[in-house]
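Just so you know, we're using the working numbering here: the sequence shown kicks off at 5 and counts up by one.
A virtual CB, placed ideally from N, CA and C, is assigned to each residue, including glycine.
Notes for the one structure printed next.
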Amino acid sequence: MATGDRLAGVIGGMGPDATIDFMSRVLACTPATRDQDHVRMVVEHDPRIPNRQFAMYGEGADPGPAIATLAARLEGAGAEFIVMPCNLAHAWEDDIRAAISIPFISIVSESVKRVEQRCTAGETIGLFTTPGCFKAGLYQEALAGHELVLQTPDELSESMALVERIKAGDKSEPVASGLRALAVRLVSRGAHALIAACTEFTLVLEPSMFAVPFISSTDVLAEKTVALALCQEPLPER
Numbered sequence: 005m006a007t008g009d010r011l012a013g014v015i016g017g018m019g020p021d022a023t024i025d026f027m028s029r030v031l032a033c034t035p036a037t038r039d040q041d042h043v044r045m046v047v048e049h050d051p052r053i054p055n056r057q058f059a060m061y062g063e064g065a066d067p068g069p070a071i072a073t074l075a076a077r078l079e080g081a082g083a084e085f086i087v088m089p090c091n092l093a094h095a096w097e098d099d100i101r102a103a104i105s106i107p108f109i110s111i112v113s114e115s116v117k118r119v120e121q122r123c124t125a126g127e128t129i130g131l132f133t134t135p136g137c138f139k140a141g142l143y144q145e146a147l148a149g150h151e152l153v154l155q156t157p158d159e160l161s162e163s164m165a166l167v168e169r170i171k172a173g174d175k176s177e178p179v180a181s182g183l184r185a186l187a188v189r190l191v192s193r194g195a196h197a198l199i200a201a202c203t204e205f206t207l208v209l210e211p212s213m214f215a216v217p218f219i220s221s222t223d224v225l226a227e228k229t230v231a232l233a234l235c236q237e238p239l240p241e242r
């Protein structure tokens with residue numbers, strides 16, 4: 005074990021491919037030259053957590069208790085802080101925090117911090133997300149001090165249809181092109197930067213595809229996880 009490191013707990017499975025992608029990005033941004041330099045993670049990968057999109061619209065089971073149970077198990081396994089590479093699941097953040105005594109690192113808060121680092125005052129932010137996350141208002145609330153370009157209901161539906169294809173294993177060029185076209189619409193309506201508020205998006209999209217900053221919530225959370233796990237930053241207050 006490396007000296008002076010921390011064990012990261014990961015609430016995973018929402019969705020499975022996005023969790024694996026997050027873990028690979030943690031590895032990619034770790035300054036390692038040998039196995040022992042990498043981040044220690046304990047992962048609860050549970051794809052059977054009730055559907056968050058359905059729950060946000062009052063359909064299906066409440067995922068909050070299941071997510072909170074995973075968080076508590078991670079703490080019991082020795083995790084010193086917890087992350088969750090799913091944006092919409094942060095609508096149940098209060099359930100998580102009530103179940104643990106260690107810090108929970110919000111992908112929403114960290115992504116908004118990155119927006120504020122990358123964008124100057126007065127620049128308009130394009131919020132690129134899914135219907136459930138949009139309805140939850142997580143980013144709209146966190147970005148209340150910024151002017152936002154938002155998707156239309158039809159654009160949100162199109163995004164969700166493409167995300168469902170990704171979850172089914174389709175990461176083809178048509179899927180990537182469809183998502184990219186939806187994001188570019190926000191730029192055409194005045195967005196100076198884009199925030200990708202869905203961890204499935206970056207399974208097929210890259211910042212190089214856009215003429216404006218494209219802020220991947222997955223990358224932001226991966227970088228924060230590495231910084232905390234390697235003790236490059238202090239743990240936040242619970």
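Span separating the alpha-carbon of residue i from that of residue j
i	j	result
Ala148	Leu232	27 Å
Gly80	Ser212	40 Å
Thr34	Thr222	14 Å
Ala36	Thr229	14 Å
Gly8	Asp41	11 Å
Gly19	Lys117	24 Å
Ile100	Phe138	20 Å
Ile86	Pro135	25 Å
Glu120	Glu127	10 Å
Ser28	Met88	14 Å
Glu227	Lys175	24 Å
Ala172	Ala140	24 Å
Ala187	Glu84	36 Å
Tyr143	Leu131	8 Å
Leu160	Leu183	11 Å
Gly82	Leu11	7 Å
Asp50	Ala65	15 Å
Residue i - DSSP class collapsed to helix/strand/coil
i	result
Glu227	helix
Gly16	strand
Ile71	helix
Glu3	The chain is shown from 5 up to 242; residue 3 falls before or after that span and cannot be answered.
Ala6	Reliability fails at Ala6, whose pLDDT of 46 lies under 50, so the model's placement of it is uncertain and no value is given.
Gly136	helix
Glu79	helix
Asn88	Note that residue 88 corresponds to Met in the displayed sequence, not to Asn. Met88 falls in the coil class under three-state DSSP.
Ala129	The residue you asked about is not Ala; residue 129 is Ile in the sequence shown. Correct three-state label for Ile129: strand.
Arg42	Looking at the sequence itself, residue 42 is His, so the reference to Arg does not match. It is coil, neither helix nor strand.
Glu63	coil
Glu120	helix
Counted within 10 angstroms of its Cβ, other Cβ atoms place residue i as buried (16 or more) or exposed
i	result
Thr133	buried
Leu31	exposed
Glu151	exposed
Ala93	buried
Pro240	exposed
Cys235	exposed
Arg52	exposed
Phe218	buried
Pro238	exposed
Arg242	exposed
Pro157	exposed
Residue i versus the options, residue with shortest Cα-Cα distance
i	options	result
Gly17	Ala75, Leu11, Phe108 and Val116	Ala75
Val47	Val14, Glu177 and Leu186	Val14
Ser181	Asp21, Ser192, Leu166 and Gly194	Leu166
Thr203	Asp21, Leu11, Ala12 and Phe108	Asp21
Val208	Arg193, Val216 and Glu168	Glu168
Val102	Ala12, Glu210, Val179 and Ala70	It should be noted that the sequence gives Ala, not Val, for residue 102. Ranking the options by Cα distance to Ala102, first place goes to Ala70.
Val179	Asp98, Pro157 and Thr206	Thr206
Give, in chain order, every unbroken run of the beta strand (DSSP E) that is at least 3 residues long and sits entirely within the segment 150-223. 152-154, 197-200 and 218-220
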